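J.: One structure is given below, represented as structure tokens, and several questions about it will come after.
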Amino acid sequence: NQTILTPPGGSGDIIGTVAFSGITSPPFPQARILAVGTGAADEVCVSAFGAIAILGTFNDFDTGRVPEFLLEEVTPCFWVGTVELEEGLAEFKFVTGADDASITFDSPPDYGNLGPNNGDDPLEGDADGNAGGPDGNISVTIPSAGMWTFVLNEATVPATYRITQEELFIRTDPQTGEFMVEDVSAGTYELSFEAEGYLGTEVNNVSVVANQVTDIGTVNMSVASGSLNGVVVFSDNPFNPPEAIVAISLQGAPGVTARDTTMGAYTFTGLASGTYDISASAPGYISNSLSGVMYVNGQDITVGDLVLDPGCQSTFATIQLAGDFNAFNLDNAPFMTQMGCVWTDTLSLTTGTYNLKFVTDGAFDNPMDYGGDETPLSVPGTYATSLISGIGTAITISVLADGDYEFILDEVVPEFTVNLLGGGSLDGGLTGSVSFEGVSSAPLPAASCQLFPSGSLTPLTTVQSDTDTGTFSFMSLPAGTYDVSVTSSCFDVVMKSGFVVGSTTVDAGDFALTGAPSAFATIQMVGQFTDPAFDVSISPAMTQTSDCVWELEIDLLAQSYLFKFVTDGEFDSPPDYGGMESETLTLPGTFAVSEASGEGSALNIEVPMAGRYKFVLNEAQGQFTATEVN
Numbered sequence: 001n002q003t004i005l006t007p008p009g010g011s012g013d014i015i016g017t018v019a020f021s022g023i024t025s026p027p028f029p030q031a032r033i034l035a036v037g038t039g040a041a042d043e044v045c046v047s048a049f050g051a052i053a054i055l056g057t058f059n060d061f062d063t064g065r066v067p068e069f070l071l072e073e074v075t076p077c078f079w080v081g082t083v084e085l086e087e088g089l090a091e092f093k094f095v096t097g098a099d100d101a102s103i104t105f106d107s108p109p110d111y112g113n114l115g116p117n118n119g120d121d122p123l124e125g126d127a128d129g130n131a132g133g134p135d136g137n138i139s140v141t142i143p144s145a146g147m148w149t150f151v152l153n154e155a156t157v158p159a160t161y162r163i164t165q166e167e168l169f170i171r172t173d174p175q176t177g178e179f180m181v182e183d184v185s186a187g188t189y190e191l192s193f194e195a196e197g198y199l200g201t202e203v204n205n206v207s208v209v210a211n212q213v214t215d216i217g218t219v220n221m222s223v224a225s226g227s228l229n230g231v232v233v234f235s236d237n238p239f240n241p242p243e244a245i246v247a248i249s250l251q252g253a254p255g256v257t258a259r260d261t262t263m264g265a266y267t268f269t270g271l272a273s274g275t276y277d278i279s280a281s282a283p284g285y286i287s288n289s290l291s292g293v294m295y296v297n298g299q300d301i302t303v304g305d306l307v308l309d310p311g312c313q314s315t316f317a318t319i320q321l322a323g324d325f326n327a328f329n330l331d332n333a334p335f336m337t338q339m340g341c342v343w344t345d346t347l348s349l350t351t352g353t354y355n356l357k358f359v360t361d362g363a364f365d366n367p368m369d370y371g372g373d374e375t376p377l378s379v380p381g382t383y384a385t386s387l388i389s390g391i392g393t394a395i396t397i398s399v400l401a402d403g404d405y406e407f408i409l410d411e412v413v414p415e416f417t418v419n420l421l422g423g424g425s426l427d428g429g430l431t432g433s434v435s436f437e438g439v440s441s442a443p444l445p446a447a448s449c450q451l452f453p454s455g456s457l458t459p460l461t462t463v464q465s466d467t468d469t470g471t472f473s474f475m476s477l478p479a480g481t482y483d484v485s486v487t488s489s490c491f492d493v494v495m496k497s498g499f500v501v502g503s504t505t506v507d508a509g510d511f512a513l514t515g516a517p518s519a520f521a522t523i524q525m526v527g528q529f530t531d532p533a534f535d536v537s538i539s540p541a542m543t544q545t546s547d548c549v550w551e552l553e554i555d556l557l558a559q560s561y562l563f564k565f566v567t568d569g570e571f572d573s574p575p576d577y578g579g580m581e582s583e584t585l586t587l588p589g590t591f592a593v594s595e596a597s598g599e600g601s602a603l604n605i606e607v608p609m610a611g612r613y614k615f616v617l618n619e620a621q622g623q624f625t626a627t628e629v630n
């Protein structure tokens, strides 16, 4: 005799029948059913977010494309969306916001996975609800090209994600209206029902016991008729109005019930009877809303106009200017004056280089602050900025004259401007050119040109030489005597001293750079050539055949690869040679490379024919060549 032992947990089935109002005989409509596991009975999950979008390498992490990649909250805290993906590495985040218009990275925190971005994350796993910065991306390897469904379930603890090509929904039998949800783990479930032309409905607290069938009986679905209508009005009557996003939410229910995009009229159908809030937002306009709109299924109801006024409504209550000038101490950092999305403040600064950030809502990095990449920027001037967090994300400015400086932050663009209000005179300038041994035509290597007060070791500012002409310039200089140092990878440093600048522009002449060995001891080709991918420890090393020229032969299959030329055995420190992952480079050929670090900076090559390929990296010229070896 055999004794069958049933393990704890196990699974069961859920069955039932859907009855459609007004239809008594087959064929019946097909209802779409989703069963979502919840916590204990009577617990209802309420998402902290009004909208979540899926942003990643497949859409260049572009927040401007949020409307295309919004997830649908099918049931409370259960978000679903479909994305077309290519085979290979994909990185992404579930990016959160109070509504569609306010979705931005890390503010509020997004769902991701802190760890190395090497494609080793599973297609199903835990979603970290505080995964800030590029290191918080979920990094997976997609096994085949096609349409993939992304699922985020906030109802579980911790939240979980899933990427699948399996059908998520069960459908009713058109002849009987019956359904069966098979083989679900023991626990408590919420079932949602949707059918075209009918009001959606839910059945909560469905308890599944291992090795048993749970019959929930008949689920009645009512015909959806009637509509709720309105108009979005732009008060300035623009010739080409932007597209507004209109969202409607049932009071007392989590999430957004429905969305519409319009440049005027909007209509919502399929709404259950209840009290609704309606909101509208559009780029360049202040959001507006209507609250407490009563709707009865079956009626056509028109509501008042939603008027949008030009302007910008900042998502931040305060912004402070923190930097080296106040030791990054927020207690001493001045609060900027706000006018919509434009913030201003004035500081008295002496000549020197300063790091700074525009710090939001009284805390560093959470929410994210407006910063940069710490490349020195000469002021006065106007420069781009972005919301960013972490080490190495300050803005670096070079102040060339003592005086009062006005700082203006414009969140709409976003950009910041620094104006000199009083103090020194900035009428002089210094120009020059750079030539490179062995390079006679464009594109020329980029050279870093630093300006020093004569005899000083602390640079005032740094500019890059033009890669077409080799020229550079330092403008708006106070009167004085200056030294100039010019450096470029793979060339010796050249410094010239004693340039006297008054109220005119002085020509510093040509800086002739001679060749030098590479600054790196090793360069490796690291990417999807190895298993595991992007593993420096097993990646092949290149050979330096002459100054700054590196070579390697490697066998490749007929497929696409992501890779980087990794310097000195470590990612990003020092910077590697890479490019833009969104640009496909088809071999053979010669292609540009640049110093690159962080997400999205790998090279993306397409190999049309399997074989052995020779890669030659020329650091001085900023390019690599790949040819097939016979």
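Residue numbers (full-length UniProt numbering): 1 to 630.
Note that the Cβ used here is the ideal one computed from N, Cα and C, for glycine as well.
From a predicted model like this one, the values you see are computed outputs, not experimental measurements.
So T96 and L34 are supposed to be a Cβ contact under 8 Å. How far apart are they, rounded?
T.: With a Cβ gap of about 22 Å, T96 and L34 do not count as contacting.
J.: State the CB to CB distance for the pair A384 and E415, rounded to an integer number of angstroms; the pair is presumed to be in contact (CB under 8 Å).
T.: Taking a contact as a CB-CB distance under 8 Å, the pair A384 and E415 counts as one, their CB atoms being some 5 Å apart.
J.: Which runs of the beta strand (DSSP E) at least 3 residues long sit entirely within the stretch 331 to 385? Give them in chain order.
T.: 337 to 339, 342 to 349, 352 to 360, 369 to 371, 376 to 379, 381 to 384
J.: Can you tell me whether residue 631 is helix, strand or coil according to DSSP?
T.: The shown model of the chain, from 1 to 630, leaves out residue 631, and the question about it has no answer.
J.: Roughly how far, in whole angstroms, is the beta-carbon of V206 from the beta-carbon of D13, given that I think they are within contact range, below 8 Å?
T.: That pair is no contact at about 11 Å.
J.: Distance check for F563 and D42, CA to CA, integer angstroms please.
T.: For D42, the predicted structure reports a pLDDT of 48, less than 50, and the residue's modelled location is therefore unreliable. The matter cannot be settled from this model.
J.: What is the DSSP secondary structure of F591, counted as helix, strand or coil?
T.: strand
J.: Taking the Cβ atom as the reference point for each residue, do S441 and T469 lie within a distance shorter than 9 Å?
T.: no
J.: Where does A40 fall in DSSP's three states?
T.: Low confidence applies here, because A40 scores a pLDDT of 49, under 50, leaving its location unreliable; read the following figure in that light. Looking at A40 - three-state DSSP - the assignment turns out to be coil, as it is neither helix nor strand.
J.: Put G455 into one of helix, strand or coil per three-state DSSP.
T.: coil
J.: Please decide whether E374 counts as near chain B, where near means a Cβ-Cβ distance under 9 Å.
T.: Any reference to chain B falls outside this structure, which holds one protein chain only.
J.: Please specify which runs of the alpha helix (DSSP H), each continuous and at least 4 residues long, are wholly inside the stretch 474 to 523, giving them in chain order.
T.: Runs of the alpha helix (DSSP H) inside the stretch 474 to 523: none found.
J.: How far does the beta strand (DSSP E) with F534 in it reach, from first residue to last?
T.: Per DSSP, F534 belongs to no beta strand (DSSP E) and is neither H nor E.
J.: Per DSSP, R32 forms a beta bridge with which residues?
T.: R171, E194
J.: Helix, strand or coil: how does DSSP classify T393 here?
T.: coil
J.: For N618, which of helix, strand or coil comes out of DSSP?
T.: strand
J.: Assign D404 to one of two classes, buried (16 or more other C-beta atoms within 10 Å of its C-beta) or exposed (fewer than that).
T.: exposed
J.: Determine the DSSP secondary structure at V66, reduced to helix, strand or coil.
T.: Note: V66 maps to helix in three-state DSSP.
J.: Along the chain, where does the beta strand (DSSP E) that runs through A265 open and close?
T.: 265 to 269
J.: Kindly indicate which three-state DSSP category D324 falls into: helix, strand or coil?
T.: helix
J.: Counting C-beta neighbours from all protein chains within 10 Å, is the total for E91 16 or more, i.e. buried, or is it exposed?
T.: buried
J.: Among D110, G428, A446, V616, which residue has its Cα nearest to the Cα of S503?
T.: G428
J.: Answer with buried or exposed for F358, where buried requires no fewer than 16 other C-beta atoms within 10 angstroms of its C-beta.
T.: buried
J.: Do G578 and S560 have their C-beta atoms within less than 9 Å of each other?
T.: no
J.: Give the C-beta separation of L587 and V607 to the nearest angstrom, bearing in mind that I take them to be a contact with Cβ-Cβ under 8 Å.
T.: 5 Å
J.: Using the C-alpha atoms, what's the distance from N240 back to L308?
T.: 14 Å
J.: What's the C-alpha gap between A40 and E190?
T.: The predicted position of A40 is uncertain, since its pLDDT is 49 and thus under 50; a value taken from the coordinates is nonetheless stated next. Spanning the two alpha carbons is a distance of roughly 11 Å.
J.: Hey, how far is the Cα of A195 from the Cα of S597?
T.: 48 Å
J.: In this structure, does DSSP put N630 in helix, strand or coil?
T.: coil
J.: If contacts are defined as beta-carbon pairs under 8 Å, then W79 and I52 qualify, I think. What distance do you get, rounded to the angstrom?
T.: 5 Å
J.: Are C490 and D547 close, meaning C-beta to C-beta below 9 Å?
T.: Going by beta carbons, C490 and D547 fall inside the 9 Å limit.
J.: Please list the segments of the beta strand (DSSP E) lying wholly inside the stretch 291 to 315, counting only runs of 3 or more residues, in order along the chain.
T.: 300 to 302, 306 to 310
J.: N153 lies in the beta strand (DSSP E); which residues open and close that run?
T.: 146 to 153
J.: For N288, which of helix, strand or coil comes out of DSSP?
T.: In the structure shown, N288 sits in a strand (DSSP, three-state: E or B).
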